[in-house]
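Protein sequences appear in the order of chains Z and V. Note that my numbering gives residue 128 to position 128 of the first sequence, counting from 1, and the numbers run on in steps of one. Note that my numbering gives residue 278 to position 278 of the second sequence, counting from 1, and the numbers run on in steps of one. Think of the CB as a built atom: it goes at the ideal place given N, C-alpha and C, for glycine as much as any other residue. From a predicted model like this one, the values you see are computed outputs, not experimental measurements. Below: the structure, in structure tokens.
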Amino acid sequence: MMRVGCMAVLILFNYVLQSTILVRVSILGVNPDTALIFIISYGILRGDVEGAIFGFFSGLIHDLFGGHVIGLYAMLGMLTGYLAGKPFKDYFKDNFFLPFGIVIVASIFYQVLFFVLNFLLGGGWNFWFYFRTIILPTTIYTVSVAIPLYSLMFVINSKIENFEDDRRNLFKE
Amino acid sequence: MTFIHRYKRIFLLIGMGICIVAMIITFNPDFRPTVIARSLGYVVVPLQSGATAATNWVTSRVSLLWEMSYLQQENARLRDEIGWLQIENQRLQLAGEEYLRLTELLYIRRRYSELPIVGATIIGHNPSAWNNRFTIDRGSNDGFARNMAVLGDGGLVGVIHQVTPNSSTITSLIDDSFAVAVQSVRTEDTGVVMGDSTLMQAGLVRMEYISTTAQIMINDEIVTSTFSLFPPGISVGTVVEVRPTPDGLAQYAIIRPSANVRRLEHVLVVNQLFSPEDQDAEDLY
């Protein structure tokens with residue numbers, strides 16, 4: 001319960017900050033996609049199922065407040081969270097450079113998939129243009145803020161895990 | 001929980017299926033479940049207002065330090081300008097009174113000046129670089145509804161896409177889901193202005209469906225036409241470039257919007273829905 005509450009607050013605050021403050025620091029018309037970093041971090045730390053659930057709700061709030069259709073960002077978030085958590089057991093979770101690589105791959109995957117779905121819903125088709133002006137700058141900008149946000153997520157997650165362990169021990173005795 | 005873990009692939013497929021069905025259903029904006037957005041809005045909108053106010057405050061303080069000397073010069077220049085404008089204003093008032101007398105004689109009623117307009121503040125932007133949408137701090141409590149026109153900075157800014165009691169989402173005119181019927185002021189050639197995501201970064205829009213015989217030229221002013229969903233005669237922008245379409249059957253133009261959509265803080269909402277049917281042509285001319 002504690003975990004669900006913390007993550008709901010995190011998703012809500014991330015959306016508010018992304019839609020108000022982060023749009024002011026846009027470079028070349030793109031902003032860092034902090035929601036994507038949180039989805040990936042959560043997937044890495046907690047595995048594919050929880051990553052997919054976190055990604056789904058993180059995308060859903062985006063859909064509800066500014067999306068053209070509902071379900072687009074939710075689906076992208078779900079898939080990204082699932083894939084980021086796939087090799088869950090093989091990671092060293094306190095290696096902060098690992099998410100760096102995953103964010104690059106996931107950010108490109110996420111946006112190429114967005115391009116395909118957006119095209120199916122009546123968007124533009126000029127892939128290289130979008131790659132040059134949106135996908136590549138957003139990826140670079142997102143990667144540049146990935147490590148501090150992953151560390152933040154790591155700290156929050158270990159706090160919650162400690163708390164859950166304490167509770168479990170209490171019940172045992 | 002172990003149940004979900006065992007059948008996670010199936011759950012993922014079910015989730016994707018739900019998302020795809022939701023996308024197809026909500027492709028028609030009338031079917032958006034605004035109930036959820038409405039209840040979440042009571043939490044998110046105050047937070048957004050607060051965060052935007054704080055950001056604006058910090059930005060204004062920082063820029064104040066930089067701009068102090070420039071402001072003094074500007075103040076002196078503006079004082080001179082006010083003196084000149086007062087004289088000009090008196091002259092225009094006389095002309096305006098004369099105009100009113102003459103228009104009454106001609107039974108001309110200009111709707112534009114009678115529009116019910118409500119001001120609102122922008123409290124949040126869609127963080128995605130693929131779209132240009134933003135949220136304002138007023139909604140259906142102030143009588144706003146979907147498809148109302150949003151003005152600001154001397155021209156059309158966009159259209160209301162979704163309302164909740166205390167906020168509305170605006171699709172700006174540079175977003176690629178936006179379209180409005182327009183005409184050129186000088187030649188009365190008609191067309192449709194559409195947002196284009198390849199022009200969005202430059203803040204430009206595209207005007208499509210111009211006939212090959214149209215005499216449209218660079219710097220022509222483009223306004224909303226009587227066929228649009230918005231009140232007619234609202235400035236949309238000026239023509240930057242005119243070209244024939246690749247198939248040669250029509251022309252298209254690149255338009256620079258009158259309103260700089262990326263630099264807005266406040267907008268004006270036309271608090272009334274228009275539809276082409278209730279505007280009879282005699283009323284406008």
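Asked: Ordered along the chain, which non-local residues of its own chain (more than five positions away) have a Cβ less than 8 Å from that of Leu121/Z?; Found: His68, Val69, Leu72
Asked: Quick check: the region 2-14 of chain Z against the region 30-40 of chain Z, are there 3 or more CB pairs under 8 Å?; Found: yes
Asked: Helix, strand or coil for Tyr292/V per DSSP?; Found: The structure shown does not extend to residue 292/V, since chain V is modelled only from 1 through 285, so no value can be given for it.
Asked: Mapping DSSP to helix, strand and coil, what is Ala179/V?; Found: strand
Asked: So, at 7 Å on beta carbons, what are the nonlocal neighbours of Ile210/V in its own chain, with the 5 sequence-adjacent residues on each side left out?; Found: Asp189, Gly191, Ile216, Ala250, Gln251, Tyr252, Ala253
Asked: Quick check: is the beta carbon of Gly29/Z nearer than 9 Å to any beta carbon in chain V?; Found: yes
Asked: Less than 9 Å between CB atoms is the rule here; does Thr138/Z satisfy it with respect to chain V?; Found: yes
Asked: Using a beta-carbon distance below 9 Å, is Met207/V in contact with chain Z?; Found: no
Asked: Using a threshold of 9 Å, state whether the C-beta atoms of Val193/V and Ile222/V are closer than that.; Found: yes
Asked: Excluding sequence positions up to five away, which residues of its chain have a Cβ less than 8 Å from the Cβ of Gly219/V?; Found: The residue you asked about is not Gly; residue 219/V is Asn in the sequence shown. Counting only Cβ-Cβ distances below 8 Å, and skipping sequence neighbours, we find Thr238, Val239.
Asked: Within its chain, find whatever has a CB closer than 6 Å to the CB of Arg81/Z; leave out the 5 residues flanking it on each side and keep chain order.; Found: Per the sequence presented here, residue 81/Z reads as Gly, with Arg not at that position. These residues qualify, in order along the chain: Ile39, Gly43, Gly51, Ala52, Phe54, Gly55.
Asked: Does the beta-carbon of Met23/V have 16 or more other beta-carbons within 10 angstroms, so that it is buried, or is it exposed?; Found: buried
Asked: Listed in chain order, which residues of the region 216-250 of chain V have Cβ atoms closer than 8 Å to some Cβ of chain Z?; Found: none
Asked: On a Cα-Cα basis, can you pick out the residue from Val103/Z, Val49/Z, Glu161/Z that is closest to Thr10/V?; Found: Note that residue 10/V is Ile in the sequence shown, not Thr. Considering only alpha carbons, the answer is Val49/Z.
Asked: Closer than 9 Å, CB to CB, is Arg3/Z near chain V or not?; Found: no
Asked: Mapping the DSSP letters down to three states, classify Ser258/V as helix, strand or coil.; Found: coil
Asked: Identify, in the order they occur along the chain, each residue of the same chain with its Cβ nearer than 8 Å to the Cβ of Asn117/V, setting aside the five sequence neighbours on each side.; Found: Note that residue 117/V corresponds to Ile in the displayed sequence, not to Asn. Answer for Ile117/V: Leu151, Leu268, Val269, Val270, Asn271, listed in chain order.
Asked: Interface residues of chain V around Ile182/Z at Cβ under 7 Å?; Found: Since the displayed chain Z opens at 1 and closes at 173, residue 182/Z lies outside it and no answer follows.
Asked: Distance check for Leu156/V and Ser235/V, CA to CA, integer angstroms please.; Found: 6 Å
Asked: Can you tell which of Leu45/Z, Ile61/Z, Phe109/Z, Met1/Z has its C-alpha closest to the C-alpha of Gln18/Z?; Found: Ile61/Z
Asked: Pull up the distance between the alpha-carbon of Arg109/V and that of Ala120/V, whole angstroms please.; Found: For Arg109/V, the predicted structure reports a pLDDT of 45, less than 50, and the residue's modelled location is therefore unreliable. The matter cannot be settled from this model.
Asked: In three-state DSSP terms, what is Asp283/V?; Found: Because Asp283/V carries a pLDDT of 46, less than 50, the predicted location of this residue cannot be relied on, and no value is offered for it.
Asked: Could you pull out every residue in the same chain whose Cβ sits closer than 6 Å to the Cβ of Met78/Z, ignoring the five residues on either side in sequence?; Found: Ala52, Gly55, Phe56
Asked: Considering only C-alpha positions, which residue in the set Ile136/V, Thr187/V, Arg206/V is nearest to Val44/V?; Found: Ile136/V
Asked: Could you tell me the alpha carbon to alpha carbon distance between Phe109/Z and Ala84/Z, rounded to whole angstroms?; Found: 11 Å
Asked: Pull up the CB-CB distance for Gly41/V and Thr164/V, whole angstroms please, since I reckon it's below 8 Å.; Found: 4 Å
Asked: Is the CB of Leu173/V under 9 Å away from at least one CB in chain Z?; Found: no
Asked: In terms of DSSP beta bridges, what is Pro244/V paired with?; Found: Gln251/V
Asked: In terms of alpha-carbon separation, which member of Leu94/V, Arg91/V, Met200/V, Arg206/V lies closest to Thr29/Z?; Found: Correcting the residue identity first, residue 29/Z is Gly in this sequence and not Thr. Of the candidates Leu94/V, Arg91/V, Met200/V, Arg206/V, the one whose C-alpha sits nearest the C-alpha of Gly29/Z is Met200/V.
Asked: When the Cα atoms are used, what is the spatial distance from Leu92/V to Gly233/V?; Found: 21 Å
Asked: Going by the CB atoms, is the gap between Thr138/Z and Gly124/V shorter than 9 Å?; Found: no
Asked: Is the Cβ of Asn162/Z closer than 9 Å to any Cβ of chain V?; Found: no
Asked: Following the continuous beta strand (DSSP E) through Met194/V, name the residue where it begins and the one where it ends.; Found: 190-194
Asked: Around the C-beta of Val62/V, are 16 or more other C-beta atoms found within 10 angstroms, so that it is buried, or is it exposed?; Found: exposed
Asked: Does any C-beta atom of chain Z lie closer than 9 Å to the C-beta of Arg133/V?; Found: yes
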